[in-house]
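K.L.:
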DNA sequence: TTTATTTACGAAAGCGGTTTCGTAATAACC
DNA sequence: GGTTATTACGAAACCGCTTTCGTAAATAAA
């Protein structure tokens, strides 16, 4: 309970507060002997500088904020690992904030960041995010921000994404080549560029293969597993039931398996399935799931690296830049051979 | 870039700094009209109090630290959701720290917490943690700490766990009833009480069913997927190959499936499998995985609630208490009918 | 030896808030 | 009408550390 402060240390050592502070921060102004004395005593008394005081003094808290929609998702969990790896190495701390796909929450979180609580931000927006003033406001205060995965193109900063359009195009084309006539796309947002890119890849692939689209082709999933499940079951029960499904989010893949099981639809005989997914279990599923998987760790790592670089500069602004890391397509048994 | 401070606000309003501060904090000393004026101006100028300054003043930063071994794990990811739910409601922020199962990292993290960076801590120790001075030191500084899942019994505080012994006992008994003669237990630590509880449940069940144990019964997995995979494959290739496996950690389940696939061992015909797992995909695996699943969200929620309660008190110490939330056993096709 | 540098340290002013305490002005009391 | 409570606000200390700036002593240069 005995919090010991720098002034107590100073008194004990019969030195001034400033000398002790400098010694601890290894300033060149302090002689080696004094540093030794100070550090020895600091160890002895188990002195740890107060974080708020030092942050207030220096103006930065060596902390970055990571704002994501969800953590129970392999992509984001793995991305966190990538972020954390570089942050720790640079002596930064990581605060994780979950929006649970709520725009309101996202606004509140970024607003709070204006307090200076974090030095920089890594953001993957919610599925509802369409306004951007909360982001712009934060950046105006000089807080550097880097987008990853779910980006807002209109905002002038660095964005780390993967080749969403191409992968959706490739996956869709693959389904068509394997005989699908009616493919269903499971979308998680009709606002986000990432979602639209995947959707466009999906549409263009069909156009290019001479398949005409109709509005039955796309199902917009809510953020509610039960409702989504019903939605999909209803669709699969209708006469124009799909013979192929492309899921744009990992957890949708499970919903598909669940619905197919309930309806006794066989995968891939009745319905072929491809999902965007970073799940370790994909290859052990029944049947093994054909996936598009994103370079999650790398994306997190890259985003964090760029942010760190910005934080190292006097003017911490980030560049306008688009970094695209390729995803991989893994064919398994949920599509035909 | 224009950070506006309370003194700028005060000047603008021709009020004293203290009045403005009190108005913003809704002190009873300030008249309603003045509060209105202040808040209006604050909105207008987009004033946000500096987090470090106010934390330094009040002595708390409305932040809790969550220290876990890993985030790419359904249990921990779900627990975070539970923690976050109650923290946000109480106006607290959550910092997540990953030890990656390293005791050294854990020590560094807790040491850093002595800086006052967090008001309270939720901890699930690394698989290597055997010493406890880093924890005791932190608590001595008056930082309340609550354990969840991976606890240290010797430390006097609240611990949230699940009924590990009973579930392991139940799962093992189940395997025996289904005909297993040689069951293998995949352990992740031989230091942690949680791991030992599961191991003891495993052993006692066998004793009670009249099965004699030998030291081939337990495999201690490292934190390295490839090595673990090899280790298991070697075991399954030996003459005293197991006909049943109980995995004490979610990700080990995947390793089992992988090894069995490589060795062309059929589940459950050749080897029956049960895993501790909170994975959504368990029921869609091939075959669907029989699991023991922990009440992750509830455990996180409970731990956070207790911590919040302690933070609300003048003396923030937590009680010595053991809260045990029951897990559930879900029989699926990786065990015989 | 004198002057110019360098070295090692301390005093004090922030950083941006919170909080204690004092005090006019107004309201309530007998 | 004089005294006591309230109310509403300001001055200033303080939280614990950083940083600027000044200076005495030690060293180097002239």
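Residue numbers (my numbering), protein chains in the order written: chain A, 1 to 337; chain B, 338 to 674.
Ideal Cβ positions, reconstructed from N, Cα and C, are used throughout, including at glycine.
1) Secondary structure at residue 274 of chain A, three-state DSSP: helix, strand or coil?
2) Could you spell out where the beta strand (DSSP E) holding residue 432 of chain B opens and where it closes?
3) Under 8 Å between beta-carbons, which chain A residues line up against residue 559 of chain B? List them in chain order, please.
4) Flag residue 637 of chain B as yes if its beta-carbon sits less than 8 Å from any beta-carbon of chain A, otherwise no.
5) Within 8 Å of any Cβ in chain A, is that where the Cβ of residue 379 of chain B sits?
6) Going by CA-CA distance only, name the one from A:102, A:231, A:86 that's closest to residue 308 of chain A.
7) Just list the residues that DSSP pairs residue 120 of chain A with in beta bridges.
8) CA-CA distance, residue 371 of chain B and residue 103 of chain A?
9) Please list, in chain order, the residues of the region 54 to 68 of chain A that have any C-beta partner in chain B closer than 7 Å.
10) When the Cα atoms are used, what is the spatial distance from residue 37 of chain A to residue 296 of chain A?
11) Taking the DSSP output, what are the residues bridged to residue 490 of chain B?
12) Between the alpha carbons of residue 106 of chain A and residue 601 of chain B, how many angstroms are there, rounded?
13) Does the beta carbon of residue 89 of chain A come closer than 8 Å to any beta carbon on chain B?
14) Starting from residue 571 of chain B, trace the alpha helix (DSSP H) both ways and give me its first and last residue.
15) At least one CB of chain B closer than 8 Å to the CB of residue 153 of chain A: is that the case?
16) Since residue 471 of chain B meets chain A, which of its residues come closer than 9 Å, beta carbon to beta carbon?
17) Between residue 71 of chain A and chain B, is any beta-carbon pair separated by less than 8 Å?
18) Determine, for residue 376 of chain B, whether the minimum Cβ-Cβ distance to residues of chain A falls below 8 Å.
19) Can you pull the DSSP bridge partners for residue 659 of chain B?
20) Based on the DSSP output, what are the partners of residue 582 of chain B in its beta bridges?
21) Near residue 69 of chain A, which residues of its chain fall below 6 Å by C-beta distance, leaving aside the five closest residues on each side in sequence?
22) Check the Cβ-Cβ distances between residue 78 of chain A and every residue of chain B, and say whether any is below 8 Å.
23) What's the call for residue 337 of chain A, buried or exposed, on a 16-neighbour Cβ count within 10 Å?
24) Kindly confirm or deny that the region 481 to 494 of chain B and the region 516 to 532 of chain B touch, where touching means at least three C-beta pairs closer than 8 Å.
25) Give me the DSSP bridge partner(s) of residue 668 of chain B.
26) Alpha carbons only, please: which of B:584, B:538, B:399, B:478 is nearest the one belonging to residue 521 of chain B?
27) Quick one: is residue 365 of chain B near chain A, going by C-beta distance under 8 Å?
28) In its own chain, which residues sit with a C-beta less than 7 Å from the C-beta of residue 427 of chain B, not counting the 5 before and 5 after it?
29) Thinking just about the alpha-carbon of each residue, which of A:302, A:257, A:177 is nearest to the one in residue 275 of chain A?
30) Out of B:339, B:619, B:523, B:348, which one is the CA nearest neighbour of residue 630 of chain B?
31) Can you grab the Cα-Cα spacing for the pair residue 330 of chain B / residue 543 of chain B, in whole Å?
32) Kindly indicate which three-state DSSP category residue 550 of chain B falls into: helix, strand or coil?
33) If residue 63 of chain A and residue 119 of chain A are in contact, beta carbons under 8 Å, what's the gap, nearest whole angstrom?
34) Residue 624 of chain B versus chain A: which residues are under 9 Å apart at the beta carbon?
35) Taking 8 Å as the threshold (C-beta atoms), are residue 160 of chain A and residue 290 of chain A in contact?
36) With a threshold of 8 Å between beta-carbons, can residue 525 of chain B be considered close to chain A, or not?
P.N.:
In brief:
1) Here residue 274 of chain A sits in strand by DSSP.
2) 430 to 435
3) Here the premise fails: no neighbours, minimum Cβ distance about 17 Å.
4) No, because no Cβ of chain A sits closer than 8 Å to the Cβ of residue 637 of chain B.
5) At a cut-off of 8 Å between C-beta atoms, residue 379 of chain B does not count as an interface residue with respect to chain A.
6) For the residues A:102, A:231, A:86, the minimum Cα distance to residue 308 of chain A belongs to A:86.
7) A:64
8) Cα-Cα distance, rounded: 32 Å.
9) If the cut-off is 7 Å between Cβ atoms, the region 54 to 68 of chain A has 55, 56, 61 near chain B.
10) 47 Å
11) Paired residues: none, contrary to the question.
12) 48 Å
13) With respect to chain B, the C-beta atom of residue 89 of chain A has no partner C-beta closer than 8 Å.
14) 562 to 574
15) no
16) What residue 471 of chain B touches in chain A: nothing, since even the nearest Cβ is about 11 Å away.
17) yes
18) no
19) B:496
20) B:521, B:610
21) 99, 101, 126
22) yes
23) exposed
24) yes
25) Its beta-bridge partners do not exist; DSSP assigns none.
26) B:584
27) no
28) 645
29) A:257
30) B:619
31) Limits of chain B in this structure are 338 at one end and 674 at the other, which puts residue 330 of chain B out of reach.
32) In this structure, residue 550 of chain B counts as coil in the three-state DSSP scheme.
33) About 6 Å separates the Cβ atoms of residue 63 of chain A and residue 119 of chain A, confirming a contact at the 8 Å cut-off.
34) Here the neighbours are 286.
35) no
36) no
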